[in-house]
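Report on the structure given below.
Numbering (the numbering used here), first residue to last: 1 to 250.
If you want it as structure tokens, here you go:
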């Protein structure tokens, strides 16, 4: 079973969640404010956080951003806000899933099981392949480690999943719907979800959308990862390519 942190300021709702989750054999801790939640995740290891958005000291969406700054623990947002734009914003901010209040403990347990299953198995871990190498990029799906030109990359869980999925298919254009289904385990979503994570990943790979090296976006089609073009080792970068038949300088 899972170790769960419940972040909920309504004492009645919090007590009900604690009782029901404990009855389901989960280990539960609970707090009523965002700052308490940050202290908890800094000192204890949790499998999942249930985060209410209507907290008294800080809006839950801001608390989510702060949580993502210190931990990759899966976060399920519990909210009474059912606006699609708000849901997309929360997913882009780092939420792993969301539930619209009111919800049953059975529904919550099913969402928790799905999130934990994704975390523990991960899309990139399904294949028992060894370390993936694409140019100077290395990805170890089993150890969940990645590096570029011998330097370790500090990636979030979602960034690693996205990188590993693309690196396992070098040169193949992966449609955005497939990325949502395989990496995010979602059958629908906004393209902005992918764009945000690609932007973060590009930054860590030392590239930009305007000057890509590994990650290439084909507008309206999808995304592919391939090794950067290698420069001819005999070519002087200041001169550019030589003319056919021209003799090398003496």
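For each residue, glycine too, the CB sits at the ideal point set by N, CA and C. Just so it is clear, the structure is predicted and the values come from calculations on it, not from any experiment.
Checklist line | Cβ-Cβ separation, residue 31 to residue 258 (assumed contact under 8 Å), whole Å | finding: Only positions 1 to 250 of the chain appear in this structure, which leaves residue 258 out of reach.
Check: What whole-angstrom Cβ distance do residue 22 and residue 28 have, given they're in contact under 8 Å?
Finding: Along the chain shown, one-based indexing puts residue 22 at 22. Along the chain shown, one-based indexing puts residue 28 at 28. 5 Å between Cβ atoms; contact.
Checklist line | DSSP three-state assignment for residue 19, whether helix, strand or coil | finding: Position 19 of the chain shown, counting from 1, holds the residue named residue 19. Helix at residue 19.
Note to self: Once DSSP output is grouped into helix, strand and coil, what is the label at residue 197?
What the structure shows: As a working mapping, residue 197 is identified with position 197 in the chain shown. In the structure shown, residue 197 falls within a helical segment according to DSSP collapsed to helix, strand and coil.
Next item on the list: With a floor of 3 residues, list each beta strand (DSSP E) that falls wholly inside the region 12-73, ordered by position along the chain.
Entry: Qualifying beta strand (DSSP E) stretches, in chain order: 27-31, 48-52.
Check: How many Å lie between residue 46 and residue 229 at the Cα?
Finding: Position 46 of the chain shown holds residue 46. Position 229 of the chain shown holds residue 229. Distance between the alpha carbons of residue 46 and residue 229 is about 43 Å.
Margin query: Can you check which of these residues, 44, 98, 18, is closest to residue 53 by C-alpha distance?
Written below: Locating residue 53 in the chain shown gives position 53, counting from the first residue. Of the listed residues, the one whose Cα sits closest to residue 53 is 98.
Notebook entry, point to check: Would you report the Cα separation of residue 102 and residue 94, rounded to the nearest angstrom?
Noted result: Numbered from 1 along the chain shown, position 102 holds the residue referred to as residue 102. Numbered from 1 along the chain shown, position 94 holds the residue referred to as residue 94. In a straight line, the C-alpha of residue 102 is about 22 Å away from that of residue 94.
Check: Given residue 64, which residues of its chain have a CB within under 8 Å of its CB, disregarding the five upstream and five downstream residues?
Finding: Counting from one through the chain shown, the residue named residue 64 turns up at place 64. Excluding sequence positions up to five before and after residue 64, its CB lies within less than 8 Å of the CB of 51, 75, 77, 90, 93, 94, 95, all in the same chain and listed in chain order.
Next item on the list: Closer than 7 Å by C-beta to residue 160: which residues in its own chain qualify, once you throw out the five before and the five after it? Chain order, please.
Entry: Against the chain shown, residue 160 aligns to sequence position 160. Close CB contacts of residue 160 within its chain, under the 7 Å cut and outside five residues either way in sequence, are with 144, 146 (chain order).
Notebook entry, point to check: How is the alpha helix (DSSP H) around residue 153 delimited, first residue to last?
Noted result: Translated into the one-based positions of the chain shown, residue 153 becomes position 153. Here residue 153 belongs to no alpha helix (DSSP H), and DSSP marks it neither H nor E.
Check: What are the residues that DSSP puts in a beta bridge with residue 224?
Finding: Mapped onto the chain shown, residue 224 falls at position 224. Answer is 216.
Notebook entry, point to check: Hey, out of 8, 88, 110, 38, whose CA is closest to residue 55's CA?
Noted result: Against the chain shown, residue 55 aligns to sequence position 55. Nearest option by C-alpha distance: 8.
Margin query: Please report the distance separating the alpha-carbon of residue 231 from that of residue 114.
Written below: On the chain shown, position 231 is the one that residue 231 refers to. On the chain shown, position 114 is the one that residue 114 refers to. Confidence at residue 231 is low in this model, with a pLDDT of 45, below 50, so the placement of that residue is unreliable and no value is reported for it.
Notebook entry, point to check: What are the boundary residues of the alpha helix (DSSP H) that includes residue 176?
Noted result: Taking the chain shown and counting its residues from 1, one reaches residue 176 at position 176. Under the DSSP assignment, residue 176 falls in the alpha helix (DSSP H) whose first and last residues are 176-182.
Checklist line | Every unbroken alpha helix (DSSP H) inside the region 67-120 [4 residues or more] | finding: If only uninterrupted alpha helix (DSSP H) runs of at least 4 residues are considered, those enclosed by the region 67-120 are 84-92.
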